[in-house]
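For reference, the structure discussed in these notes is given below.
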Amino acid sequence: MSKILIRGAKVLGGEPQDVLIDGETIAAVGTGLDAEGAEVVEAGGKVLLPGLVDLHTHLREPGREDSETVLTGTRAAASGGYTAVFAMANTFPVADTAGVVEQVYRLGQEHGYCDVQPIGAVTVGLEGKKLAELGAMHESAAGVTVFSDDGKCVDDAVIMRRALEYVKAFGGVVAQHAQEPRLTEGAQMNEGVVSAELGLGGWPAVAEESIIARDVLLAEHVGSRVHICHLSTAGSVEIVRWAKSRGIDVTAEVTPHHLLLTDELVRSYNPVYKVNPPLRTERDVRALREALADGTIDIVATDHAPHPHEDKDCEWAAAAMGMVGLETALSVVQETMVDTGLLDWAGVADRMSVKPAQIGRATGHGRPVSAGEPANLVLVDTQYRGPVDPARFASRSRNTPYEGRELPGRVTHTWLRGKATLVDGKLT
Amino acid sequence: MQRHLISAADLTRDDAVLILDTAEEMARVADRPIKKLPTLRGRTIVNLFFEDSTRTRISFEAAEKRLSADVINFTAKGSSVSKGESLKDTAQTLEAMGVDAVVIRHGASGAPYRLATSDWIDAAVINAGDGTHQHPTQALLDAFTMRRRLVGRDAGIGQDLAGRRITIVGDVLHSRVARSNVDLLHTLGAEVTLVAPPTLVPVGVETWPCEVSYDLDSTLPKSDAVMMLRVQRERMNAAFFPTEREYSRRYGLDGDRMAKMPEHAIVMHPGPMVRGMEITAEVADSERCTVVEQVANGVSIRMAVLYLLLGGNEPAVSQARTTATEEK
Amino acid sequence: MDTSFPDARPVLEGPDIARVLTRIAHEIVERAKGADDVVLLGIPTRGVFLARRLADKLVEITDRKIPVGSLDITMYRDDLRMHPPRALARTEIPGDGIDGRLVVLVDDVLFSGRTIRAALDALNDIGRPRAVQLAVLVDRGHRELPIRADYVGKNLPTSLRETVKVQLAEEDGRDTVLLGAKRTVPGEQ
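Chains as they are written, first to last, in full-length UniProt numbering: chain A, 1 to 428; chain B, 1 to 328; chain C, 1 to 189.
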């Protein structure tokens with residue numbers, strides 16, 4: 001593989017430097033590096049970050065290839081600056097066996113846009129009753145370390161306890177979709193002032209918080225680590241903060257949309273705003289931003305959830321829950337965290353690359369931008385600002401809540417182990 | 001300009017009074033040998049009912065026919081197509097047939113709003129009840145009934161319900177009637193009190209322009225009208241209240257409780273009543289109970305709404321909210 | 001003077017209006033041979049006041065009670081689709097109805113004739129009079145339908161660029177008929 005010289009890039013937002021890629025590896029970082037024999041990319045003050053890692057992506061394959069495939073999903077990931085994504089298990093069939101996770105893993109390898117690390121189901125068929133073969137999935141070629149029934153909560157306390165205990169044997173982690181099922185029967189949106197007015201079934205914050213409280217206590221009791229998916233309420237932040245202060249091994253993620261949008265948008269009854277957990281209040285949004293800034297929330301994960309047009313072009317109750325996010329995540333984080341002064345670019349690298357790679361044990365990702373490290377890199381034009389145009393998405397689906405909204409930042413280049421997957425905003 | 005009637009909250013005080021005044025004139029048509037007006041001749045109105053409601057449908061149908069509109073009834077219940085598909089597809093079918101207005105009843109809150117603001121259809125949309133959201137013509141007919149009884153038929157013309165104390169009792173949580181009434185009655189200057197067990201009051205009610213009480217007996221003597229909402233027996237199984245008997249004892253309206261109301265106060269019910277649950281037969285059949293009047297008034301109100309939305313080249317009623325988000 | 005009607009001139013003043021109403025009342029009695037089955041129906045808004053004044057005069061002449069009511073023609077108009085819906089006025093049919101009676105429709109100005117056509121349609125839905133006659137305070141010509149008045153207070157030749165405005169004490173605080181230049185507001189009569 002040839003050499004690439006990225007000239008004048010603000011590494012992690014710092015002073016402009018040159019970064020030389022040789023083959024799959026970063027060969028040198030410094031000023032005035034020799035361009036001899038290298039293809040030169042003029043960064044012109046753009047920000048260079050380690051390739052982003054998404055711990056929470058729905059690639060839909062196998063089963064719902066009408067909304068996304070491993071190919072379209074990884075192309076979307078590369079467009080958004082990601083070099084690794086964790087693919088959720090709620091496919092058809094469910095990724096609850098070594099066979100399914102290996103298939104997804106291999107598809108990712110073949111397409112080569114982004115590493116795909118499958119997440120295994122905690123329970124057979126996501127039914128919450130019987131543990132799936134967690135060990136077999138770990139030992140498979142896919143090397144699964146993250147397990148989740150995402151989309152459904154592992155609500156049975158005994159099953160959750162056993163899963164937390166069991167994965168300790170191989171350093172796995174259970175990622176919990178915290179949603180008490182009985183408290184959310186018929187739930188359509190955040191329960192509060194807006195739901196009362198709109199007459200839509202309420203999804204109370206306590207349904208999330210009670211499960212998180214239980215699970216951090218279980219994790220403490222069995223001495224395991226637990227990861228909280230898409231934490232969405234101010235109360236959840238308080239519980240995680242308390243748990244961390246006690247030394248409980250808990251990590252938590254927040255989605256970009258929960259950092260930006262509130263349930264006031266549901267007044268439009270437009271199903272692009274229908275998502276699970278639901279959009280919360282302004283107060284929650286503020287708490288989530290602060291928690292991400294102070295590290296209580298460890299990472300940003302997209303919960304990229306593609307749905308075909310017809311599943312959103314209908315009345316609210318009939319619509320599917322979820323939003324695509326891979327191609328807008330970095331922009332939303334810049335808007336809500338960087339441009340507000342809550343986080344610098346090094347912090348963004350930490351929350352969107354370093355930490356998610358650590359939680360998911362994604363070796364080779366989330367590494368420092370320094371000589372000898374794998375060349376998983378992303379170049380971001382942070383000066384750009386423009387409207388979101390879903391027609392330009394690489395994802396097969398268009399269910400974004402940001403259509404037409406002006407957001408800052410644009411990923412121009414992505415390199416996966418030295419190979420460009422995105423050049424000047426165009427997929428290779 | 002308002003093309004649709006989606007929510008009682010969209011009506012201004014003047015809009016609401018205009019509708020009530022117009023309904024008062026429409027009511028007189030019912031007393032004539034020929035109960036028909038040529039006003040909507042050549043206009044096609046579809047009654048699009050995704051939920052069973054014979055009462056509401058025939059009320060709209062009577063109103064439409066009295067105004068000489070062409071009426072198409074479309075009952076989509078039981079369609080095998082997925083719900084979302086069928087609303088959009090049905091809307092586009094109706095659009096292709098050139099309908100002027102769609103009266104829609106739907107189990108999903110927001111379905112009429114969606115229909116009015118999507119690009120699926122160009123017709124005027126009138127909400128005939130959506131999920132647990134809104135039922136604006138019900139609120140209008142209730143306000144009309146109150147104005148007639150509490151202010152007077154002729155004395156009421158041009159008047160609102162300023163200072164009238166209205167109590168709404170029952171399953172507020174699941175009630176589109178309660179939501180619509182709170183909005184409209186507040187707009188008309190009435191003081192509204194909701195009475196229900198705490199389990200049947202929505203979280204978030206604190207921003208509604210009304211009082212909330214858990215005690216019926218203390219509220220009754222201060223009420224000019226008491227509106228009883230239907231309480232479905234199934235709610236008992238979801239632990240909203242322990243037993244039917246306990247509900248009736250604490251929140252049902254019987255003869256003894258009715259006696260605590262002021263002399264002039266009326267008892268209302270949107271129907272259908274569950275006798276023995278929220279209301280006893282003695283109360284339901286009393287002179288003070290306006291249930292039958294409400295049905296008759298429903299036709300007049302719906303005639304008024306149809307006339308004001310469809311009778312001219314543009315509607316006579318202004319609409320803030322839907323227009324603000326409407327793209328075309 | 002009405003500020004929206006700046007250069008208008010009066011063509012009938014208070015005493016003239018009283019005089020022509022008296023004359024019309026006499027004509028009605030004469031043509032209806034005593035007016036014993038007459039029902040007066042005014043067309044809102046000002047036709048109703050004129051009908052009541054005529055009724056008072058008929059009572060004076062005949063010493064009998066004359067049934068008087070109002071007939072709102074809004075929902076029978078043929079130009080509904082050309083304007084936003086108008087607020088409805090009251091239709092008040094006297095207790096004994098109009099079947100077999102001589103209905104005299106009363107309006108302030110007769111112009112195109114379309115209002116009267118609508119009134120005839122409205123009457124049709126209410127009952128079957130023995131005959132229908134029309135009394136107007138002013139006939140300004142320019143008929144668009146084959147309709148004529150039986151009783152006319154004043155024939156007033158006008159141009160289509162002019163407009164006639166009737167003001168009555170009950171509504172406007174004074175009695176007068178004004179003739180002026182038409183305002184350039186689209187849709188105005």
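All residues carry an ideal CB built from backbone N, CA and C; glycine is no exception.
Give me the DSSP bridge partner(s) of GLY180 (chain C). C:THR163
Under the rule that 16 or more other beta-carbon atoms within 10 Å means buried, what is PRO181 (chain A), buried or exposed? exposed
Tell me whether SER70 (chain C) sits in a helix, a strand or coil according to DSSP, three-state version. strand
Beta bridge counterpart(s) of PHE86 (chain A) as assigned by DSSP: A:GLN117
Could you tell me the boundaries of the alpha helix (DSSP H) in which VAL305 (chain B) lies? Taken as a continuous stretch (DSSP letters only), the alpha helix (DSSP H) holding VAL305 (chain B) covers 291-310.
Please classify GLU64 (chain A) as buried or exposed, where buried requires at least 16 neighbouring CB atoms within 10 angstroms. Checking the sequence shown, residue 64 (chain A) turns out to be Arg, not Glu. Buried is the call here.
Per-residue burial, GLY223 (chain A) [other beta carbons within 10 Å of its own, 16 or more giving buried]: Result: exposed.
For LYS312 (chain A), which residues from the same chain have a beta carbon less than 7 Å from its beta carbon, with the 5 sequence-adjacent residues on both sides left out? PRO271, VAL272, ALA319, ALA320, ASN399
Just to make sure I have the definition right: I need the residues of chain B whose C-beta is within less than 8 Å of the C-beta of THR115 (chain C). Which are they? In chain order: nothing, as chain B lies at least about 15 Å away.
Give, in chain order, every unbroken run of the alpha helix (DSSP H) that is at least 4 residues long and sits entirely within the region 26-93 of chain A. Fully enclosed alpha helix (DSSP H) runs of no fewer than 4 residues occupy 70-79 of the region 26-93 of chain A, in order along the chain.
Can you give me the C-alpha to C-alpha distance between MET88 (chain A) and THR363 (chain A), rounded to a whole angstrom? 19 Å
With three or more beta-carbon pairs closer than 8 Å as the criterion, would you say the region 408-420 of chain A touches the region 120-138 of chain B? no
Tell me which residues share the same chain as ARG128 (chain C) and place their Cβ nearer than 8 Å to its Cβ, disregarding the 5 neighbours each side in the sequence. Around ARG128 (chain C): ILE98, ASP99, GLY100.
How big is the Cα-Cα spacing for ASP66 (chain A) and GLY80 (chain A)? 21 Å
Taking contact to mean 3 or more Cβ pairs, one atom from each stretch, closer than 8 Å, check whether the region 119-135 of chain C and the region 61-77 of chain C are in contact. yes
I believe GLY47 (chain C) touches ASP107 (chain C) by the beta-carbon criterion, under 8 Å. Please report the beta-carbon distance rounded to the nearest angstrom. 4 Å
Under the three-state DSSP convention, the category HIS83 (chain C) falls into: coil
Return the residues of the region 54-67 of chain A that lie within a Cβ-Cβ distance of less than 9 Å from chain B, sorted by chain order. none
For the region 333-398 of chain A, list the alpha helix (DSSP H) runs that are entirely contained and at least 4 residues long, ordered along the chain. Segments of the alpha helix (DSSP H) lying fully in the region 333-398 of chain A: 345-349, 355-360.
Among B:THR137, B:ALA296, B:GLY163, whose alpha-carbon lies nearest the alpha-carbon of LEU11 (chain B)? B:THR137
Evaluate VAL216 (chain A) with the Cβ neighbour count: other Cβ atoms within 10 Å of its Cβ, from every protein chain shown; 16 or more gives buried, anything less gives exposed. Per the 10 Å Cβ criterion, buried.
Rounded to the nearest angstrom, what separates ALA265 (chain B) and VAL240 (chain A) at their Cα positions? 55 Å
Uninterrupted alpha helix (DSSP H) stretches inside the UniProt domain "Phosphoribosyltransferase" (12-155) of chain C (no shorter than 4 residues): List check, alpha helix (DSSP H) in window: 14-31, 46-62, 114-124.
Note down the Cα distance separating THR90 (chain B) from PRO387 (chain A), rounded to an integer number of angstroms. 33 Å
8 Å Cβ cut-off: residues of chain B touching GLU191 (chain A): Going along chain B in sequence order, the residues near GLU191 (chain A) (Cβ under 8 Å) are VAL203, GLY204.
Please report whether the beta-carbon of TYR247 (chain B) lies at a distance below 8 Å from any beta-carbon of chain C. No, its Cβ sits nowhere closer than 8 Å to a Cβ of chain C.
Among A:GLU39, A:GLN17, A:SER2, the one whose alpha carbon lies nearest that of VAL369 (chain A): A:GLN17
Cα-Cα separation, LYS182 (chain C) to ARG161 (chain C): 5 Å
For LEU55 (chain A), does the count of other Cβ atoms within 10 angstroms reach 16, so buried, or fall short, so exposed? Label assigned to LEU55 (chain A): buried.
Residues that PHE74 (chain B) bridges to, as DSSP identifies them: B:LEU48
CB of THR44 (chain B) within 8 Å of CB of ILE72 (chain B), strictly: yes
Over the uninterrupted beta strand (DSSP E) stretch that includes LEU165 (chain B), give me the two end residues. The identity of residue 165 (chain B) in the sequence shown is Arg, whereas the question assumes Leu. That run of the beta strand (DSSP E) goes 165-169.
Validate contact between the region 139-149 of chain A and the region 23-32 of chain B using beta carbons, cut 8 Å, 3 pairs: no
Checking the sheet assignment: what are the DSSP bridge partners for PHE147 (chain A)? In the DSSP output, where bridge partners are listed per residue, PHE147 (chain A) has A:GLY120, A:VAL174.
Distance between SER286 (chain B) and ALA63 (chain B) (C-alpha atoms, nearest Å): Rounded to the nearest angstrom, the two C-alpha atoms are 28 Å apart.
For ASP254 (chain B) and ALA238 (chain B), the rounded distance between their alpha carbons: 25 Å
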